[in-house]
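Comments concern the structure below.
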């Protein structure tokens, strides 16, 4: 049984449908990557899982339970964490406050959780009192992932976490994401850097114009001649 | 008399007529502007009803003060209004939350544009304006009691031997002290408490705040409670310092908006700075410097006119001027707030 699955999702932001009959799924301890050309509806499909757009078809199930009718906030409370592509940190607040806000729903002691995030991203510990808006792009991305992890999620969803960061930072971020996966969290990620992302992925979905085109393991997709030619640049 | 006495006289003159009034007026504006800026930061619209909220809170204070006075309750040297203030704050807070539930929550639910909120707040402004005038009338009301002066001009002259007097009203000191306490409490709340941080997070990035599980309705309610409390405090301090006239609070809206924008909209600290900038500019621009120049100028030079930039009737022009200047030169305000 898949932990989080969105089946036959159809919908958009009120206008025409952006995704049609689209299916995405992710299991605990697994990295699933969604790739595809610009405007394929990758981010939209992910937002559909979070209840951020109007669906008029399909259903979303978390841990076997239908959550299609729930608000985004209710889903967050159920363990779904989301790192948006843009504006994913509180720029006027310190790194530490960003993490505290991530843990807003929790009323237990968060010190241990905070230390785990600092262990994962040591640079953040040295910058804990600094305002997040003053950090570099890569560091901000770390704050964003850290904030999401503070909710103690069971599913972590990342919308292009490596957009706008250097290749070195990207590799490092991917390493961290693999570490997070090992702690048993389900990871669903939309990526522009398709080749690198599929490299670390257990499974991948290739979306084209809002529909599933290919679904396979990361390795198989990388080996697939057609996928390589059309989406990975040869 | 030698020149150093002249200089001292000039200093006393400026302190008495510009410095002290500016500090107390600035504190009153600052308290109002913090409320406007908080509402803007959280609800993302300029609340035109803020001045009327001040008038309503002051009216409630006056009614309770009268009731206390009729029962013979007083605070000795302090104004009885201070005793009435907490009750008035409670009433105004309830009103603000009720207005939010009945008016603004509808537009939030329908995700209306900010300009719709602004126009709705203008409607609330007219409604409150009418309500206050129906309940308490349009006349000027002086509700200050207790000791009026801490330092009297005559006594100061006698004590120092200077020809200029310095008067310090109790309300001026009260205004400053209460404003400092209110602002410190507000900053402690915003910086240290869970709900305060949630408010800052919500103001910073609404979508991400929602994704972090911050309850928007709670944040909005707390914002109204703070804005209404500060509005009542500002209104009562202004009324104690001068007098209560419903129309005056409507007029105060302009310098308060100017203060919030000058400081950087959405920035509480900026609103405080802005309050003092506007107050100092307004009072300096409308003060007649003739006597001051006579003191500091060598020998018997005296300017022919009053050397007053603007007559006091035109004091609102100063707010407008500052507003336009800031929007032209530094639209983000002193502390880099949002651009309107």
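Residue numbers (the working numbering), protein chains in the order written: chain A, 52 to 285; chain B, 31 to 370. The beta-carbon is built from N, C-alpha and C at its ideal position, and this holds for glycine as well.
Reduced DSSP category for residue i - H, G, I as helix; E, B as strand; rest coil
{"i": "residue 130(B)", "result": "helix"}
{"i": "residue 69(B)", "result": "helix"}
{"i": "residue 297(B)", "result": "coil"}
{"i": "residue 79(A)", "result": "coil"}
{"i": "residue 56(A)", "result": "strand"}
{"i": "residue 235(B)", "result": "coil"}
{"i": "residue 379(B)", "result": "A query on residue 379(B) cannot be resolved here, the shown segment of chain B reaching from 31 to 370 and no further."}
{"i": "residue 359(B)", "result": "helix"}
{"i": "residue 135(B)", "result": "helix"}
{"i": "residue 169(B)", "result": "coil"}
{"i": "residue 141(A)", "result": "coil"}
{"i": "residue 100(A)", "result": "helix"}
{"i": "residue 259(A)", "result": "strand"}
{"i": "residue 141(B)", "result": "coil"}
{"i": "residue 364(B)", "result": "coil"}
{"i": "residue 148(B)", "result": "helix"}
{"i": "residue 85(A)", "result": "strand"}
{"i": "residue 62(A)", "result": "strand"}
{"i": "residue 354(B)", "result": "helix"}
{"i": "residue 222(A)", "result": "helix"}
{"i": "residue 310(B)", "result": "helix"}
{"i": "residue 124(B)", "result": "helix"}
Residue i beta carbon near the ligand NAP (any heavy atom closer than 7 Å)
{"i": "residue 115(B)", "result": "With respect to the ligand NAP, the structure shown offers nothing to examine, as it has no ligands at all."}
Status (buried if at least 16 other CB within 10 Å, exposed otherwise) for residue i
{"i": "residue 268(A)", "result": "exposed"}
{"i": "residue 190(A)", "result": "buried"}
{"i": "residue 67(A)", "result": "exposed"}
{"i": "residue 118(B)", "result": "buried"}
{"i": "residue 211(A)", "result": "buried"}
{"i": "residue 293(B)", "result": "buried"}
{"i": "residue 51(B)", "result": "buried"}
{"i": "residue 170(A)", "result": "exposed"}
{"i": "residue 109(B)", "result": "buried"}
{"i": "residue 86(B)", "result": "buried"}
{"i": "residue 80(B)", "result": "buried"}
{"i": "residue 226(A)", "result": "exposed"}
{"i": "residue 426(B)", "result": "A query on residue 426(B) cannot be resolved here, the shown segment of chain B reaching from 31 to 370 and no further."}
{"i": "residue 55(B)", "result": "buried"}
{"i": "residue 276(B)", "result": "buried"}
CB contact check: residue i to chain A, cutoff 8 Å
{"i": "residue 271(B)", "result": "no"}
{"i": "residue 74(B)", "result": "no"}
{"i": "residue 240(B)", "result": "yes"}
{"i": "residue 227(B)", "result": "yes"}
{"i": "residue 231(B)", "result": "yes"}
{"i": "residue 36(B)", "result": "no"}
{"i": "residue 77(B)", "result": "no"}
{"i": "residue 235(B)", "result": "yes"}
Beta carbon proximity, residue i to chain B, threshold 8 Å
{"i": "residue 223(A)", "result": "no"}
{"i": "residue 53(A)", "result": "no"}
{"i": "residue 167(A)", "result": "no"}
{"i": "residue 240(A)", "result": "no"}
{"i": "residue 141(A)", "result": "yes"}
{"i": "residue 198(A)", "result": "yes"}
{"i": "residue 64(A)", "result": "no"}
{"i": "residue 218(A)", "result": "no"}
{"i": "residue 135(A)", "result": "yes"}
{"i": "residue 215(A)", "result": "no"}
{"i": "residue 144(A)", "result": "yes"}
{"i": "residue 151(A)", "result": "yes"}
{"i": "residue 123(A)", "result": "yes"}
{"i": "residue 156(A)", "result": "yes"}
{"i": "residue 192(A)", "result": "no"}
{"i": "residue 181(A)", "result": "no"}
{"i": "residue 148(A)", "result": "yes"}
Range of the contiguous alpha helix (DSSP H) that encloses residue i
{"i": "residue 271(B)", "result": "246-271"}
{"i": "residue 204(B)", "result": "200-222"}
Residue i, enclosing beta strand (DSSP E) - first and last residue
{"i": "residue 265(A)", "result": "262-268"}
{"i": "residue 121(A)", "result": "Residue 121(A) -> no beta strand (DSSP E), and no H or E assigned at all."}
{"i": "residue 133(A)", "result": "131-134"}
{"i": "residue 281(A)", "result": "Segment 276-282 is the alpha helix (DSSP H) holding residue 281(A); no beta strand (DSSP E) there."}
{"i": "residue 110(A)", "result": "110-113"}
{"i": "residue 179(B)", "result": "179-181"}
Neighbour list for residue i in chain E, Cβ cutoff strictly below 9 Å
{"i": "residue 128(A)", "result": "This model lacks chain E altogether; the protein chains it does include are A and B."}
Distance between beta carbons of residue j and residue i, contact taken as under 8 Å
{"i": "residue 46(B)", "j": "residue 196(B)", "result": "5 Å"}
{"i": "residue 136(A)", "j": "residue 94(A)", "result": "7 Å"}
{"i": "residue 103(B)", "j": "residue 112(B)", "result": "Not confirmed; about 12 Å, so no contact."}
{"i": "residue 174(B)", "j": "residue 270(B)", "result": "5 Å"}
{"i": "residue 186(A)", "j": "residue 194(A)", "result": "7 Å"}
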